[in-house]
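These notes concern the structure reproduced below.
Protein chains: 2
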Amino acid sequence: MGQRNLGLAAVARLAGVSTATVSNVLNRPHVVAVPTRERVMAAIEELDFVPNRAAATLRQGTNRVLGLVIPDVVNPFYAAIVDAVVVAADRDRYAVVLCVSHEDPAREQRHFDMLAEQRAAGALVVPISADWSRLSQLRMVGTRLIVVDRSIDESEACSVAIDDVHGGEIAVEHLLGVPGSGISIVNGSHTIVQCEDRRTGARSALASAGLDPDSLVEFEMRDMTIEAGVEAGRRIAASGAPRRVFCTNDQLAIGVMRGLAETGVETPRDAAVVGYGDLAFGTEEARRLTTVGQPKQEMGEVAVAKLLAELQEGKAHRHSATTFQPRLVVRESTGR
Amino acid sequence: MGQRNLGLAAVARLAGVSTATVSNVLNRPHVVAVPTRERVMAAIEELDFVPNRAAATLRQGTNRVLGLVIPDVVNPFYAAIVDAVVVAADRDRYAVVLCVSHEDPAREQRHFDMLAEQRAAGALVVPISADWSRLSQLRMVGTRLIVVDRSIDESEACSVAIDDVHGGEIAVEHLLGVPGSGISIVNGSHTIVQCEDRRTGARSALASAGLDPDSLVEFEMRDMTIEAGVEAGRRIAASGAPRRVFCTNDQLAIGVMRGLAETGVETPRDAAVVGYGDLAFGTEEARRLTTVGQPKQEMGEVAVAKLLAELQEGKAHRHSATTFQPRLVVRESTGR
DNA sequence: TTGTAAGCGTTATCAC
DNA sequence: GTGATAACGCTTACAA
Numbered sequence: 001m002g003q004r005n006l007g008l009a010a011v012a013r014l015a016g017v018s019t020a021t022v023s024n025v026l027n028r029p030h031v032v033a034v035p036t037r038e039r040v041m042a043a044i045e046e047l048d049f050v051p052n053r054a055a056a057t058l059r060q061g062t063n064r065v066l067g068l069v070i071p072d073v074v075n076p077f078y079a080a081i082v083d084a085v086v087v088a089a090d091r092d093r094y095a096v097v098l099c100v101s102h103e104d105p106a107r108e109q110r111h112f113d114m115l116a117e118q119r120a121a122g123a124l125v126v127p128i129s130a131d132w133s134r135l136s137q138l139r140m141v142g143t144r145l146i147v148v149d150r151s152i153d154e155s156e157a158c159s160v161a162i163d164d165v166h167g168g169e170i171a172v173e174h175l176l177g178v179p180g181s182g183i184s185i186v187n188g189s190h191t192i193v194q195c196e197d198r199r200t201g202a203r204s205a206l207a208s209a210g211l212d213p214d215s216l217v218e219f220e221m222r223d224m225t226i227e228a229g230v231e232a233g234r235r236i237a238a239s240g241a242p243r244r245v246f247c248t249n250d251q252l253a254i255g256v257m258r259g260l261a262e263t264g265v266e267t268p269r270d271a272a273v274v275g276y277g278d279l280a281f282g283t284e285e286a287r288r289l290t291t292v293g294q295p296k297q298e299m300g301e302v303a304v305a306k307l308l309a310e311l312q313e314g315k316a317h318r319h320s321a322t323t324f325q326p327r328l329v330v331r332e333s334t335g336r
Numbered sequence: 001m002g003q004r005n006l007g008l009a010a011v012a013r014l015a016g017v018s019t020a021t022v023s024n025v026l027n028r029p030h031v032v033a034v035p036t037r038e039r040v041m042a043a044i045e046e047l048d049f050v051p052n053r054a055a056a057t058l059r060q061g062t063n064r065v066l067g068l069v070i071p072d073v074v075n076p077f078y079a080a081i082v083d084a085v086v087v088a089a090d091r092d093r094y095a096v097v098l099c100v101s102h103e104d105p106a107r108e109q110r111h112f113d114m115l116a117e118q119r120a121a122g123a124l125v126v127p128i129s130a131d132w133s134r135l136s137q138l139r140m141v142g143t144r145l146i147v148v149d150r151s152i153d154e155s156e157a158c159s160v161a162i163d164d165v166h167g168g169e170i171a172v173e174h175l176l177g178v179p180g181s182g183i184s185i186v187n188g189s190h191t192i193v194q195c196e197d198r199r200t201g202a203r204s205a206l207a208s209a210g211l212d213p214d215s216l217v218e219f220e221m222r223d224m225t226i227e228a229g230v231e232a233g234r235r236i237a238a239s240g241a242p243r244r245v246f247c248t249n250d251q252l253a254i255g256v257m258r259g260l261a262e263t264g265v266e267t268p269r270d271a272a273v274v275g276y277g278d279l280a281f282g283t284e285e286a287r288r289l290t291t292v293g294q295p296k297q298e299m300g301e302v303a304v305a306k307l308l309a310e311l312q313e314g315k316a317h318r319h320s321a322t323t324f325q326p327r328l329v330v331r332e333s334t335g336r
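Note that the protein sequences, when read in sequence, are chains A and B. The first sequence begins at 1 in the working numbering and counts up one residue at a time. The second sequence begins at 1 in the working numbering and counts up one residue at a time.
Given below as structure tokens:
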């Protein structure tokens, strides 16, 4: 019960061996003779010995810790990544320090500095901006970096990302196979790289089908919420825009279906709607929505795998960028 | 760019002071003369010095790290707690090590041990079981504990929880104010303490209204999913059970509404449904659902506040249990 | 197979 | 206000 706090030395004394041997029992059991090992284990048990990783970190210069820096943890997309990362790291006995930047560069910077001070072995980062000077502290202490869900030059770091252009392509490709004419796109701001990429993919799908990319009828909404989607749906219904609609997230898509329905345009009877993300599971409307699924768990797992590989390889490591392809999840909203 | 890695000593040399002074500049700037301080800061800048927290941890016996152990991070209830905890911890410059137990006791145990080895200053735990012997390692190294979302004897640790009994009470109280007769409850397994508590609250509300608690018509479902809710809704419709229905989570509630609707029983026209949790925001059905809201962010914040207080108070600390009251979020599903 | 001993980079206790 | 210096607990050559 009491809160003692001895060290290797106490264990060594009780077991009648040296500290080096105790250390070996802990880290390289195979080099220790069996009877010695057992004596040491017994002493560890007896004293409730808890190794002090700070001492090991100090000595080795690196901590069995990975940093994970994301913009938001309530967002199910990132939550899924967090889950995958935590599981993968746990498999290799790494602790994960979670940092939520909330899109605040100053906060993100503090997180980087903190991870550097902790001598984190590596960090998985969904960066707010592409300003690499911010990472100098981490570089300085040798923390390895993986950029997640953003692309970056391979000379800088490893990265994993999901190909949003392809996501836009398969969405529109699918819509083109549904009866109707023309394509509408309901998008967020073009300044968001994901939105821009998905739109690029949409245009590319039109081009591949021998259609004019400029024939895409665009609705650029300020927010990417259900409300904004409803507004877009109304405008589509009112303006006679194409009723094969690609929305760049699921909320917009659900809103669009609702906005269309207000004037009696039912999906999928009179319209076809494709969303993006496949995140809002478990709700009625999402269950009917054809959408673009993103392999986020896989991305998280591979990110950790890359990081651990880089840690093993050391100097010999060469950065690489991995891209994951989204796949279409076909449901009712495009089934005529 | 190079990866140097000096220490206080190098900074001290460059600034022409002792390591003690550099340490003071970092930790107690006010005791250092201004010109000296400035010279030291310049040297720190010049050398890109990054303090090594492992050394400080080793010396001080405690790490500026909080552990957060939860069963699941994709679940929005826990995600909200994680967010609140991370923000609160960040305010006081604590790093948060996230551990996801996935309901696996062995894994949870590893997490505890790991936090002990890291000499975490404290840990916020949503424990799988109430087996306190599991925490011996943590106790041994002086890590302070706060139990979150579970109750525990005040002699053991501080805790924060949400009063599920009261949640059940206000839900049924509200249903009793809606036209109709009798109350149905759609619940998960009674072995889940939250389910049992919410049911207890429901019975208590009946009693307070002068009704027989045993008049509560119960449906105990194996899962707490939308599907299970649909099944319950069908059974309610078929059996003529009371159509004022309290469901112990939102998924069940959404399912019940759907199941009822299959036989033309529309909510709120012919039925009143109350859910629990207020988590599935942004979906059409959830927007219409009267439900019991849980102050989860507040719980997370207070948990960290308690932990930090305990860390400050040290020996003098006395444990305490804080209970948060849920509040009813009234929406369409009970509005006749 | 085991022991010896030199650090790792801080912080804290004294002197000055 | 500042400087020496002794821990803190572990890992790792190297020696035996």
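Every residue gets a Cβ at the ideal spot worked out from N, C-alpha and C, and that includes glycine.
#1: So, does the CB of Leu58/A fall closer than 7 angstroms to a CB anywhere in chain B?
#2: So what does DSSP say about Leu66/A, is it helix, strand or coil?
#3: Check whether chain B comes within 7 angstroms of Gln137/A, counting only Cβ atoms and requiring the distance to be less than that.
#4: Which residues of chain A have a Cβ atom closer than 9 angstroms to the Cβ of Pro76/B, listed in chain order?
#5: Who pairs with Phe49/A in a beta bridge, going by DSSP?
#6: Threshold first: 3 residues or longer. Then list the beta strand (DSSP E) segments lying entirely within the segment 51 to 134 of chain B, N to C.
#7: For Val230/B and Leu138/B, I'd like the C-alpha separation in whole angstroms.
#8: Of the residues that make up the segment 80 to 108 of chain A, which ones have a beta carbon closer than 8 angstroms to any beta carbon in chain B?
#9: Using the beta-carbon count (16 or more within 10 Å), is Gly210/A buried or exposed?
#10: When we look at the beta-carbon of His190/B and count the other beta-carbons within 10 Å, is it buried (16 or more) or exposed?
#11: State the beta-bridge partners of Arg244/B as determined by DSSP.
#12: Going by DSSP in three states, Thr200/A sits in which element: helix, strand or coil?
#13: What in chain A is Cβ-close to Arg258/B, meaning under 8 angstroms?
#14: Who are the Cβ neighbours of His317/B in its own chain at under 7 angstroms, not counting the five residues just before and after it?
#15: Report yes if the CB atom of Gly201/B is closer than 7 angstroms to the CB atom of Cys195/B, and no otherwise.
#16: So if I threshold CB-CB distances at 9 angstroms, which residues from the segment 31 to 48 of chain A count as touching chain B?
#17: Which of the three DSSP states, helix, strand or coil, is assigned to Val11/A?
#18: Closer than 9 angstroms, Cβ to Cβ, to anything on chain A: give me those residues from the segment 108 to 129 of chain B, in chain order.
#19: Rounded to whole angstroms, what is the Cα-Cα separation between Ser333/B and Leu308/B?
#20: Between Glu38/A and His166/B, what straight-line distance do the alpha-carbon atoms span, to the nearest angstrom?
#21: Just mark Pro127/B as buried or exposed, buried being the case when its beta carbon has 16 or more other beta carbons within 10 Å.
#22: Tell me whether the segment 95 to 103 of chain B and the segment 73 to 91 of chain A touch, counting them as touching only if at least three CB pairs, one residue from each stretch, are closer than 8 angstroms.
#23: For the structure I just gave you, are there three or more beta carbon pairs, one from the segment 41 to 52 of chain B and one from the segment 15 to 26 of chain B, closer than 8 angstroms?
#24: If I follow the unbroken beta strand (DSSP E) through Ile146/A, where does it start and stop?
#25: If I'm right that Lys296/B touches Ile81/B with Cβ under 8 angstroms, what's the distance once you round it to whole angstroms?
#26: Considering only the beta carbon of each residue, do Gly293/B and Val329/B sit closer than 7 angstroms?
#27: Alpha carbons only, please: which of Thr57/B, Arg144/B, Thr291/B and Met140/B is nearest the one belonging to Leu6/A?
#28: Which residue wins for smallest C-alpha separation from Lys315/A, given the options Ala207/A, Thr143/A, Arg327/A and Thr323/A?
#29: State the beta-bridge partners of Val230/A as determined by DSSP.
#30: Does the distance from the C-beta atom of Asn63/B to that of Ala123/B stay below 7 angstroms?
#31: Mind checking whether Gly182/A and Pro242/A have CB atoms under 7 angstroms apart?
#32: Once the 5 residues before and after Thr263/B are set aside, which same chain residues still bring their CB inside 6 angstroms of it?
#33: Just how far apart, CA to CA, sit Arg59/B and Leu58/A?
#34: Which of helix, strand or coil does DSSP assign to Met1/B?
#35: Closest to His319/A by CA distance: which of Ser151/A, Phe246/A, Ala261/A and Asp270/A is it?
Taking the coordinates as given:
#1: yes
#2: strand
#3: yes
#4: Val74, Pro76 and Ala79
#5: DSSP, once it has assigned bridges, lists no residue as partnering Phe49/A.
#6: 63 to 70, 95 to 100 and 120 to 125
#7: 45 angstroms
#8: Ala80, Val82, Asp83, Val86, Val87, Asp90, Arg93, Ala95, Val96, Val97, Leu98, Cys99, Val100, His102 and Arg107
#9: exposed
#10: exposed
#11: Ala272/B
#12: helix
#13: Glu284
#14: Glu310
#15: no
#16: Asp48
#17: helix
#18: Arg110, His111, Asp113, Met114, Leu115, Ala116, Glu117, Gln118 and Arg119
#19: 41 angstroms
#20: 54 angstroms
#21: buried
#22: yes
#23: yes
#24: Arg144 to Val148
#25: 5 angstroms
#26: yes
#27: Met140/B
#28: Thr143/A
#29: Answer is none; Val230/A lacks a bridge partner.
#30: no
#31: yes
#32: Ala237
#33: 11 angstroms
#34: Confidence in Met1/B is poor, its pLDDT being 44 and thus under 50, which makes the residue's placement too unreliable to answer from.
#35: Ser151/A
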